[in-house]
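S.K.: First the structure, which I've put down as C-alpha coordinates, then a few questions once you've had a look.
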Amino acid sequence: MTATERLHVPMPDLRIVPVEALRPHEEHDSQRSEPLVERLLSETTMINPPLVATIDDQTFVILDGANRVYAFAELGYPHMLVQVANYDSGLVELSNWQHIVSGWNGREFIQQLRQIPEISLDADAGGIAQLHFHGDDVLTLCATAQTSGARNALLRQVVALYQQNARLHRTALTDPEEIWAMYPDALALVTFPPYLPADIIEAARDCAFLPPGISRHIVQGRAIRVNYPLDQLRDPSVSLDQKNADLLAWEQNKLANRQIRYYAEATYQFDE
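Here it is as C-alpha coordinates:
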(Lines of atoms letter the chains of each structure in order from A and count residues from 1; the text may use other names and numbers.)
(Lines give C-alpha, C1' and ligand atoms only; values in the text may rest on other atoms or scores of the structure.)
Protein backbone atom coordinates (compact mmCIF):
# COMPACT_ATOMS: atom_id res chain seq x y z
CA MET A 1 0.00 0.00 0.00
CA THR A 2 1.42 3.38 -1.05
CA ALA A 3 1.40 6.56 1.03
CA THR A 4 -1.24 8.02 -1.31
CA GLU A 5 -3.52 5.01 -0.85
CA ARG A 6 -3.23 5.30 2.93
CA LEU A 7 -4.79 8.77 2.69
CA HIS A 8 -8.08 7.14 1.64
CA VAL A 9 -8.47 4.69 4.52
CA PRO A 10 -12.18 4.56 5.48
CA MET A 11 -13.59 5.25 8.91
CA PRO A 12 -13.26 2.32 11.32
CA ASP A 13 -16.20 -0.09 11.30
CA LEU A 14 -17.15 0.13 14.99
CA ARG A 15 -19.92 -2.13 16.28
CA ILE A 16 -21.29 -3.32 19.60
CA VAL A 17 -21.64 -7.11 19.59
CA PRO A 18 -22.44 -9.84 22.14
CA VAL A 19 -19.35 -10.90 24.09
CA GLU A 20 -20.36 -14.54 23.55
CA ALA A 21 -20.08 -14.03 19.75
CA LEU A 22 -16.34 -13.31 20.00
CA ARG A 23 -14.04 -16.29 19.38
CA PRO A 24 -10.35 -16.13 20.31
CA HIS A 25 -7.72 -17.62 18.03
CA GLU A 26 -5.14 -17.54 20.82
CA GLU A 27 -5.08 -18.11 24.55
CA HIS A 28 -5.30 -15.04 26.73
CA ASP A 29 -2.14 -13.93 28.52
CA SER A 30 -2.70 -14.27 32.27
CA GLN A 31 0.12 -11.80 32.96
CA ARG A 32 -1.96 -9.19 31.11
CA SER A 33 -5.59 -10.28 31.47
CA GLU A 34 -5.83 -10.69 35.23
CA PRO A 35 -4.64 -7.13 36.01
CA LEU A 36 -6.99 -5.92 33.27
CA VAL A 37 -9.99 -7.47 35.04
CA GLU A 38 -9.11 -5.54 38.18
CA ARG A 39 -8.57 -2.32 36.27
CA LEU A 40 -11.91 -2.52 34.46
CA LEU A 41 -13.73 -2.56 37.79
CA SER A 42 -12.73 1.07 38.35
CA GLU A 43 -12.59 2.39 34.78
CA THR A 44 -15.42 4.33 33.17
CA THR A 45 -14.46 4.18 29.48
CA MET A 46 -13.24 1.62 26.97
CA ILE A 47 -10.03 2.96 25.49
CA ASN A 48 -9.06 0.62 22.63
CA PRO A 49 -11.71 -1.69 21.13
CA PRO A 50 -10.59 -5.19 20.13
CA LEU A 51 -10.05 -5.90 16.46
CA VAL A 52 -12.18 -8.70 14.97
CA ALA A 53 -13.08 -10.29 11.63
CA THR A 54 -16.24 -12.16 10.70
CA ILE A 55 -16.34 -15.96 10.74
CA ASP A 56 -20.02 -16.10 9.79
CA ASP A 57 -23.17 -14.03 10.34
CA GLN A 58 -23.19 -14.78 14.06
CA THR A 59 -19.56 -15.01 15.17
CA PHE A 60 -16.29 -13.10 14.97
CA VAL A 61 -12.65 -14.11 15.36
CA ILE A 62 -10.64 -11.84 17.67
CA LEU A 63 -7.59 -10.63 15.75
CA ASP A 64 -6.25 -8.45 18.55
CA GLY A 65 -7.61 -7.90 22.04
CA ALA A 66 -8.13 -11.42 23.42
CA ASN A 67 -7.19 -10.23 26.92
CA ARG A 68 -9.80 -7.47 26.81
CA VAL A 69 -12.50 -9.89 25.66
CA TYR A 70 -11.51 -12.33 28.42
CA ALA A 71 -11.80 -9.54 30.99
CA PHE A 72 -15.26 -8.53 29.74
CA ALA A 73 -16.42 -12.15 29.89
CA GLU A 74 -15.03 -12.58 33.40
CA LEU A 75 -16.95 -9.50 34.55
CA GLY A 76 -20.17 -10.71 32.94
CA TYR A 77 -20.56 -7.81 30.51
CA PRO A 78 -23.18 -8.72 27.85
CA HIS A 79 -21.81 -6.56 25.02
CA MET A 80 -18.53 -5.16 23.81
CA LEU A 81 -17.38 -2.44 21.43
CA VAL A 82 -15.21 -3.87 18.62
CA GLN A 83 -13.68 -2.78 15.34
CA VAL A 84 -14.55 -5.11 12.46
CA ALA A 85 -11.85 -5.58 9.81
CA ASN A 86 -11.82 -7.54 6.56
CA TYR A 87 -8.81 -9.68 5.61
CA ASP A 88 -9.65 -9.15 1.92
CA SER A 89 -9.76 -5.34 2.15
CA GLY A 90 -6.03 -4.83 1.62
CA LEU A 91 -5.97 -2.88 4.89
CA VAL A 92 -5.01 -5.82 7.15
CA GLU A 93 -1.47 -7.18 7.38
CA LEU A 94 -0.85 -10.40 9.30
CA SER A 95 2.64 -10.91 10.73
CA ASN A 96 4.24 -12.24 13.91
CA TRP A 97 5.36 -10.96 17.26
CA GLN A 98 8.65 -12.37 18.53
CA HIS A 99 9.06 -13.29 22.21
CA ILE A 100 11.87 -12.06 24.42
CA VAL A 101 12.44 -14.33 27.42
CA SER A 102 14.20 -12.80 30.41
CA GLY A 103 14.68 -13.39 34.12
CA TRP A 104 15.39 -17.13 33.92
CA ASN A 105 18.28 -19.58 33.64
CA GLY A 106 19.12 -20.72 30.12
CA ARG A 107 20.19 -24.21 31.11
CA GLU A 108 16.97 -24.73 33.07
CA PHE A 109 14.97 -23.40 30.13
CA ILE A 110 16.47 -25.93 27.71
CA GLN A 111 16.18 -28.78 30.21
CA GLN A 112 12.47 -28.19 30.68
CA LEU A 113 11.91 -27.87 26.92
CA ARG A 114 13.45 -31.33 26.45
CA GLN A 115 10.86 -32.74 28.85
CA ILE A 116 7.92 -31.78 26.62
CA PRO A 117 6.76 -34.92 24.73
CA GLU A 118 6.84 -34.77 20.91
CA ILE A 119 9.34 -31.90 20.86
CA SER A 120 13.04 -32.14 20.04
CA LEU A 121 15.79 -29.54 19.78
CA ASP A 122 17.81 -29.34 16.57
CA ALA A 123 20.31 -27.00 14.96
CA ASP A 124 18.50 -26.99 11.58
CA ALA A 125 16.09 -24.34 10.33
CA GLY A 126 12.33 -24.77 10.23
CA GLY A 127 10.31 -26.32 13.02
CA ILE A 128 7.54 -24.73 15.07
CA ALA A 129 9.84 -22.08 16.60
CA GLN A 130 13.47 -21.06 16.92
CA LEU A 131 15.44 -20.01 20.01
CA HIS A 132 18.19 -17.41 19.62
CA PHE A 133 20.53 -17.21 22.60
CA HIS A 134 23.40 -14.89 23.49
CA GLY A 135 26.58 -16.04 21.78
CA ASP A 136 24.77 -16.70 18.47
CA ASP A 137 23.51 -20.15 19.50
CA VAL A 138 20.29 -21.01 17.63
CA LEU A 139 18.12 -24.04 18.36
CA THR A 140 15.05 -25.17 16.43
CA LEU A 141 12.02 -26.65 18.17
CA CYS A 142 10.91 -29.59 16.03
CA ALA A 143 7.58 -31.36 16.54
CA THR A 144 6.21 -34.71 15.42
CA ALA A 145 2.64 -33.34 15.31
CA GLN A 146 1.01 -33.61 11.88
CA THR A 147 -1.93 -31.19 12.18
CA SER A 148 -1.97 -27.45 12.79
CA GLY A 149 -4.12 -27.97 15.89
CA ALA A 150 -1.59 -30.42 17.37
CA ARG A 151 1.30 -28.08 16.57
CA ASN A 152 -0.54 -25.20 18.20
CA ALA A 153 -1.07 -27.33 21.31
CA LEU A 154 2.68 -27.99 21.55
CA LEU A 155 3.44 -24.31 21.05
CA ARG A 156 1.08 -23.48 23.91
CA GLN A 157 3.12 -25.77 26.17
CA VAL A 158 6.36 -24.09 25.10
CA VAL A 159 5.09 -20.54 25.68
CA ALA A 160 3.42 -21.51 28.97
CA LEU A 161 6.80 -22.82 30.14
CA TYR A 162 8.54 -19.47 29.96
CA GLN A 163 5.39 -17.50 30.71
CA GLN A 164 5.22 -19.22 34.09
CA ASN A 165 8.95 -19.18 34.89
CA ALA A 166 10.26 -16.04 33.23
CA ARG A 167 9.33 -12.59 32.01
CA LEU A 168 7.81 -12.40 28.51
CA HIS A 169 8.12 -9.35 26.26
CA ARG A 170 6.61 -9.11 22.79
CA THR A 171 8.64 -7.38 20.11
CA ALA A 172 8.53 -6.65 16.39
CA LEU A 173 12.34 -6.59 16.34
CA THR A 174 14.10 -9.52 14.69
CA ASP A 175 17.80 -8.63 15.09
CA PRO A 176 19.10 -10.39 18.23
CA GLU A 177 21.93 -7.88 18.72
CA GLU A 178 19.45 -5.01 18.76
CA ILE A 179 17.34 -6.90 21.28
CA TRP A 180 20.28 -7.65 23.61
CA ALA A 181 21.04 -3.91 23.67
CA MET A 182 17.42 -2.97 24.45
CA TYR A 183 16.83 -5.81 26.95
CA PRO A 184 20.09 -6.45 28.83
CA ASP A 185 18.53 -9.16 31.02
CA ALA A 186 17.15 -11.09 28.02
CA LEU A 187 17.89 -14.80 27.95
CA ALA A 188 16.57 -15.71 24.51
CA LEU A 189 14.62 -14.51 21.50
CA VAL A 190 11.89 -16.91 20.34
CA THR A 191 10.76 -16.56 16.72
CA PHE A 192 7.84 -18.29 14.99
CA PRO A 193 6.94 -19.24 11.40
CA PRO A 194 4.44 -17.03 9.56
CA TYR A 195 0.68 -17.64 9.64
CA LEU A 196 -2.04 -17.09 7.04
CA PRO A 197 -5.51 -15.61 7.66
CA ALA A 198 -6.98 -19.08 7.13
CA ASP A 199 -4.82 -20.36 10.02
CA ILE A 200 -6.24 -17.69 12.32
CA ILE A 201 -9.85 -18.43 11.40
CA GLU A 202 -9.28 -22.20 11.71
CA ALA A 203 -7.72 -21.78 15.16
CA ALA A 204 -10.78 -19.83 16.34
CA ARG A 205 -13.36 -22.09 14.70
CA ASP A 206 -11.78 -25.34 15.96
CA CYS A 207 -10.65 -23.98 19.36
CA ALA A 208 -7.09 -24.98 18.34
CA PHE A 209 -5.64 -21.86 19.92
CA LEU A 210 -2.25 -20.31 19.31
CA PRO A 211 -0.24 -19.27 22.37
CA PRO A 212 -0.78 -15.66 23.47
CA GLY A 213 1.10 -12.91 21.72
CA ILE A 214 2.30 -14.55 18.49
CA SER A 215 0.01 -13.27 15.74
CA ARG A 216 0.27 -9.58 14.93
CA HIS A 217 -2.38 -7.75 12.93
CA ILE A 218 -1.55 -4.33 11.50
CA VAL A 219 -4.64 -2.48 10.31
CA GLN A 220 -4.71 0.76 8.40
CA GLY A 221 -7.27 2.97 10.13
CA ARG A 222 -7.07 1.30 13.55
CA ALA A 223 -9.36 2.95 16.12
CA ILE A 224 -7.50 3.78 19.34
CA ARG A 225 -8.10 6.07 22.33
CA VAL A 226 -11.83 5.78 21.63
CA ASN A 227 -12.87 6.26 25.29
CA TYR A 228 -16.38 4.91 24.82
CA PRO A 229 -18.52 4.89 28.02
CA LEU A 230 -18.46 1.47 29.66
CA ASP A 231 -21.91 2.04 31.14
CA GLN A 232 -23.30 1.83 27.60
CA LEU A 233 -21.88 -1.69 27.30
CA ARG A 234 -22.62 -2.98 30.83
CA ASP A 235 -26.37 -2.33 30.88
CA PRO A 236 -28.22 -5.62 30.13
CA SER A 237 -31.61 -3.85 29.95
CA VAL A 238 -30.74 -1.99 26.71
CA SER A 239 -31.13 -3.98 23.47
CA LEU A 240 -28.20 -4.57 21.14
CA ASP A 241 -29.95 -2.63 18.35
CA GLN A 242 -30.43 0.36 20.64
CA LYS A 243 -26.81 0.24 21.77
CA ASN A 244 -25.63 0.31 18.16
CA ALA A 245 -27.98 3.21 17.39
CA ASP A 246 -26.49 5.07 20.37
CA LEU A 247 -22.98 4.26 19.10
CA LEU A 248 -23.78 5.71 15.67
CA ALA A 249 -25.11 8.91 17.26
CA TRP A 250 -21.98 9.11 19.43
CA GLU A 251 -19.73 8.79 16.34
CA GLN A 252 -21.72 11.42 14.44
CA ASN A 253 -21.35 13.81 17.36
CA LYS A 254 -17.59 13.16 17.49
CA LEU A 255 -17.27 13.94 13.78
CA ALA A 256 -19.42 17.06 14.05
CA ASN A 257 -17.20 18.37 16.83
CA ARG A 258 -13.94 17.45 15.03
CA GLN A 259 -12.90 15.04 17.78
CA ILE A 260 -11.69 12.25 15.47
CA ARG A 261 -8.26 12.60 13.91
CA TYR A 262 -6.58 10.29 11.39
CA TYR A 263 -2.80 9.69 11.56
CA ALA A 264 -1.35 8.14 8.40
CA GLU A 265 2.16 7.68 9.76
CA ALA A 266 3.47 4.82 11.90
CA THR A 267 3.64 5.88 15.55
CA TYR A 268 5.03 4.89 18.94
CA GLN A 269 2.70 5.31 21.93
CA PHE A 270 4.37 6.06 25.24
CA ASP A 271 1.43 5.84 27.67
CA GLU A 272 0.28 2.21 27.16
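Taking my numbering, the leading residue of the sequence shown gets 1362, the next gets one more, and so forth.
Note that CB positions come from ideal geometry on N, CA and C, so glycine has one too.
For the alpha helix (DSSP H) that I1540 lies in, which residues bound it at each end?
M.R.: Looking at the DSSP string, the run of the alpha helix (DSSP H) that includes I1540 is P1537 to M1543.
S.K.: Rounded C-beta distance between V1398 and A1427? I'm assuming under 8 Å.
M.R.: No, V1398 and A1427 are not in contact; Cβ-Cβ is about 13 Å, not under 8 Å.
S.K.: Output the distance between the C-alpha atoms of A1484 and Q1524, rounded to the nearest integer angstrom.
M.R.: If you take the alpha carbons of A1484 and Q1524, they lie about 24 Å apart.
S.K.: Leaving out the 5 sequence neighbours to the left and right, which residues in its chain are closer than 6 Å to I1621 when beta-carbon positions are compared?
M.R.: Result list for I1621: K1615, in chain order.
S.K.: Mapping the DSSP letters down to three states, classify E1454 as helix, strand or coil.
M.R.: E1454 falls in the strand class under three-state DSSP.
S.K.: In chain order, which alpha helix (DSSP H) runs of at least 4 residues are fully inside the region 1362-1414?
M.R.: Within the region 1362-1414, the complete alpha helix (DSSP H) runs of at least 4 residues are 1364-1367 and 1391-1401.
S.K.: With 16 as the cutoff for other CB atoms within 10 Å, does M1372 come out buried or exposed?
M.R.: Counting Cβ neighbours within 10 Å, M1372 comes out exposed, since fewer than 16 surround it.
S.K.: Would you call the CB atoms of A1490 and V1519 closer than 8 Å?
M.R.: Result yes, Cβ atoms of A1490 and V1519 sit closer than 8 Å.
S.K.: Between A1542, M1441, E1563 and L1424, which has its C-alpha nearest H1495's C-alpha?
M.R.: Looking at the Cα atoms, A1542 is the closest of the given residues.
S.K.: Let me confirm a value: A1625 is counted as buried when at least 16 other C-beta atoms fall within 10 Å, else exposed. Which label applies?
M.R.: Label assigned to A1625: exposed.
S.K.: Roughly how many angstroms separate the alpha carbons of G1451 and Q1603, rounded to a whole number?
M.R.: The straight-line gap from Cα to Cα measures roughly 31 Å.
S.K.: Could you check whether E1454 and P1573 sit closer than 8 Å to each other, using their CB atoms as the reference points?
M.R.: It is not a contact, given that the beta carbons lie outside the stated cut-off.
S.K.: Only counting the same chain, and skipping five residues up and downstream in sequence, which positions put a Cβ closer than 7 Å to that of Y1544?
M.R.: Contacts found: I1461, S1463 and H1530.
S.K.: Closest to L1383 by CA distance: which of F1631, Q1507 and T1415 is it?
M.R.: Among F1631, Q1507 and T1415, the Cα nearest to that of L1383 belongs to T1415.
S.K.: Could you check if A1533 is buried or exposed, using at least 16 other CB atoms within 10 Å of its CB as the buried criterion?
M.R.: Exposed: under 16 other Cβ atoms inside 10 Å.
S.K.: F1553: which of E1479, N1457 and L1474 sits nearest, CA to CA?
M.R.: The option with the nearest alpha carbon to F1553 is N1457.
S.K.: Would DSSP call I1647 helix, strand or coil?
M.R.: Summary: the structure shown does not reach residue 1647, with the chain confined to residues 1362 through 1633, and so no result is reported for it.
S.K.: Nearest to A1506 by alpha carbon, out of A1527, P1555, L1516 and N1409?
M.R.: The candidate whose alpha carbon is nearest that of A1506 is L1516.
S.K.: Which residues mark the beginning and the end of the beta strand (DSSP E) in which I1423 is found?
M.R.: F1421 to D1425 is the extent of the beta strand (DSSP E) around I1423.
S.K.: Quick check on the DSSP output: the alpha helix (DSSP H) that includes Q1593 runs from which residue to which?
M.R.: Note, Q1593: alpha helix (DSSP H), D1592 to R1595.
S.K.: As a quick exercise: from P1396, P1379, T1406 and V1413, pick the residue whose alpha carbon is nearest that of I1562.
M.R.: Comparing Cα positions, the closest option is V1413.
S.K.: Quick one: measure Cβ to Cβ for L1550 and Q1459, integer angstroms, because I've assumed they're closer than 8 Å.
M.R.: Contact holds; Cβ gap of about 6 Å.
S.K.: By Cβ distance below 7 Å, which residues in the same chain neighbour S1509 in space, the five residues on each side in sequence not counted?
M.R.: Counting only Cβ-Cβ distances below 7 Å, and skipping sequence neighbours, we find D1560, E1563 and A1569.
S.K.: With respect to the alpha helix (DSSP H) encompassing R1468, which residues constitute its N-terminal and C-terminal limits?
M.R.: G1467 to R1475 is the extent of the alpha helix (DSSP H) around R1468.
S.K.: Let me know the secondary structure DSSP gives S1598 once reduced to three states.
M.R.: Looking at S1598 - three-state DSSP - the assignment turns out to be coil, as it is neither helix nor strand.
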